[in-house]
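For the sequence shown, the positions run -25 to -1, 1 to 464 when mature numbering (1 follows the signal peptide of the UniProt record, and there is no 0) is used.
So the structure is just underneath, and the comments pick up after that.
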Amino acid sequence: MEGLEVRGLLLVWILGLSFVTATSATSVIVIGAGMSGITAAKTLSEAGIKDFLILEATNRIGGRMCKTTFQGLNVEIGANWVEGVNGKQMNPIWDLAQKLKLRNFQSDYDNVTANIYTHHGGLYPHAVATVAFDVADERSNYTTALSTSMSRNKEEDISILASQRLCNKVPTSPLDMAIDYYTYDYEFAEPPRITSLQNTEPLPTFANFGEDLNFVADTRGYESMVYHIAHQFLTTSKHTANISDPRLLLNKVVREIRYSRSGVIVKTEDGSMYRAKYAMVSVSIGVLQTNLIKFHPDLPHWKLLALYQFNMAVYTKILLKFPYKFWPTGPGTEFFIYADEKRGYYPIWQQMENNYPGSNVLLVTVTDDESRRIEQQSDEETKAEAMEVLRNMFGKNIPDAKAILVPRWWSNRFYKGSFSNWPIGVSRFEYDQIRAPVGNVYFTGEHTSEHYNGYVHGAYLSGIDSAQMLVDCIKKGNCEPKFEGRPKK
């Protein structure tokens, strides 16, 4: 009956789509060719499961690791840092960056207290900024200790903001809010009132891999890591070194996944259909929260509830090119903060002299609602706002920006954001449900990483972990992976 069900379904689709032909069945269809999808496919290949198909919606692999050209520079509009370096464990992404000799620079945040600008103009006195940072450190130490205690005692989670309230140190002044933004939003892309305490304090990335962050500025792009992994198991052209493997199909936008115990049928936007025994879905959790991909039957309620509760955050790095430098350069000037009365209004600035000498480029980071607002206005409007902030900081006579680059990850239907953030209210029980397969449909991506959601190394490790679960199912018949708290059928 199972076989008849799938064949009948295929026949219905063929009758309804006269130009459609279905491929012969493969073992696995991997949906998405970002870091997690490519790593999952490589893991399958190494386990001897080589009859897979990778369907990628765009014209490239790499996903949210994406370079572009801006004013003659190769820059990253997505992932930019290797976060978690020089710790007691080796971050696998840092290991790979070193093997590939990616051009990178350790980000220097040490002197940021001397580079905080008021919204009225000029710098805060260094002593004033230092005191504010000391208070922020006390607040952070308290919240970390509280989180550790609550986790040990198995108490219910609270938000970071709730923990700040408990120690009576809620930031309210422009300076305090800017430092709070620098501490939390700049890392998680969402504010403390949203972010989980127990699942972010202390943060496993820094606790395990180290607290250093290295900024990638290589002409090959951060995405070259994904290509390096892909070249290890996908065939390439002898003449160009481009991937020519027929198992990788680009510009294939998956719109439907029909699944049963007999297998899966995947339909793409161009009307093509593909059959397999299993599917590995590596799209972002932001996409899973939309209707881009329709599942038949609908995903079970427990799965949807877990997916819909998790957050897809938006992190926007805006680049501005100037005719000449008007900002401080040299040691201790890489990062500077703007403390506006409105929290999160063009707050974190980075001058690119270390990474791109002589470029006369500034990078400003915005997140969350500001990212969404900026994505919906013109680049000229954004440039005008950024210039007003810069003139508040450096005076009215600074030159206008010659060019601006504004990424739009939230508006892009293939991503719907930058990376996942663990919000208040999602327990380990529910997180295991996000990771859990549904029948023959498996899930991977940075949002499924057990300890490193939101990070490139999380995407890398999740691809391996999810694929290994599928390998265990195919080769050992162990198709019910054991997660703590996974609902029993």
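Glycine included, each C-beta is placed from N, C-alpha and C at the ideal position.
- Judged by DSSP secondary structure, Q326 falls within the beta strand (DSSP E) whose first and last residues are I323 to Q326.
- Residue range R403 to R410 is occupied by the alpha helix (DSSP H) that includes F404.
- Partner residues in a beta bridge of F369, as assigned by DSSP, do not exist.
- Residue nearest to D447 within the set Q139, L19 and Y331 is L19 (criterion: CA-CA distance).
- Looking at G9, F45 and N367, the one whose alpha-carbon comes closest to that of M327 is F45.
- Across the set W277, S353, L365 and I373, the C-alpha of L365 shows the shortest separation from the C-alpha of Y313.
- A direct Cα-to-Cα measurement between P374 and G333 gives close to 16 Å.
- By the Cβ neighbour-count rule, D70 is exposed, with fewer than 16 other Cβ atoms within 10 Å of its own.
- Runs of alpha helix (DSSP H) with 4 or more residues, each lying fully within the region 268 to 351, are found at 276 to 284 and 343 to 350, listed in chain order.
- Inclusion of L294 and L282 in the CB contact set at 7 Å is not warranted, their separation being larger than that value.
- Around the beta-carbon of A376, 16 or more other beta-carbon atoms lie within 10 Å, marking it buried.
- Residue nearest to K25 within the set Y234, L223, S393 and E350 is L223 (criterion: CA-CA distance).
- When beta bridges are read from the DSSP output, F45 appears opposite L48.
- Q264 is bridged by DSSP to nothing; it lacks a bridge partner.
- The region 131 to 141 makes no contact with the region 70 to 83: fewer than 3 CB pairs, one atom from each, lie closer than 8 Å.
- Taking a C-beta distance under 7 Å as the contact criterion, Y331 and A361 do not qualify as a contact pair.
- Taking the Cα positions, T308 is about 38 Å away from M125.
- The DSSP-derived three-state label of R114 is helix.
- Counting only the Cα atoms, I323 lies some 14 Å from A89.
- Within the same chain, and ignoring the five residues on either side of V228 in sequence, the residues whose Cβ sits closer than 7 Å to its Cβ are A32, T243 and E244.
- Runs of alpha helix (DSSP H) with 4 or more residues, each lying fully within the region 99 to 182, are found at 101 to 127, 135 to 141 and 149 to 155, listed in chain order.
- Within the same chain, and ignoring the five residues on either side of R388 in sequence, the residues whose Cβ sits closer than 8 Å to its Cβ are V262, T265 and L267.
- By the Cβ neighbour-count rule, T210 is exposed, with fewer than 16 other Cβ atoms within 10 Å of its own.
- With 16 or more other CB atoms across the displayed protein chains lying within 10 angstroms of its CB, R233 is buried.
- Under the criterion of beta carbons closer than 8 Å, S171 and P398 qualify as touching, at roughly 6 Å.
- Rounded to the nearest whole angstrom, the CA to CA distance from S386 to V106 is 40 Å.
- By alpha-carbon distance to G196, the top candidate from A54, D220 and M368 is A54.
- Look at E244 here: in three-state DSSP terms it is coil, with no helix or strand label.
- Of V50, I240 and Y202, the smallest CA-CA separation from A254 is found for I240.
- F310 and Q325 have their C-alpha atoms spaced approximately 5 Å apart.
- Residue range W56 to V60 is occupied by the beta strand (DSSP E) that includes W56.
- Following the DSSP letters along the chain, one finds E231 inside the beta strand (DSSP E) bounded by residues V229 to S235.
- DSSP, read as helix, strand or coil, puts S11 in helix.
- In this structure, S134 sits near R168, with a CB-CB distance shorter than 7 Å.
- With 16 or more other Cβ atoms from the protein chains shown falling within 10 Å of its own Cβ, Y99 counts as buried.
- Within the same chain, and ignoring the five residues on either side of A378 in sequence, the residues whose Cβ sits closer than 6 Å to its Cβ are Q46 and K296.
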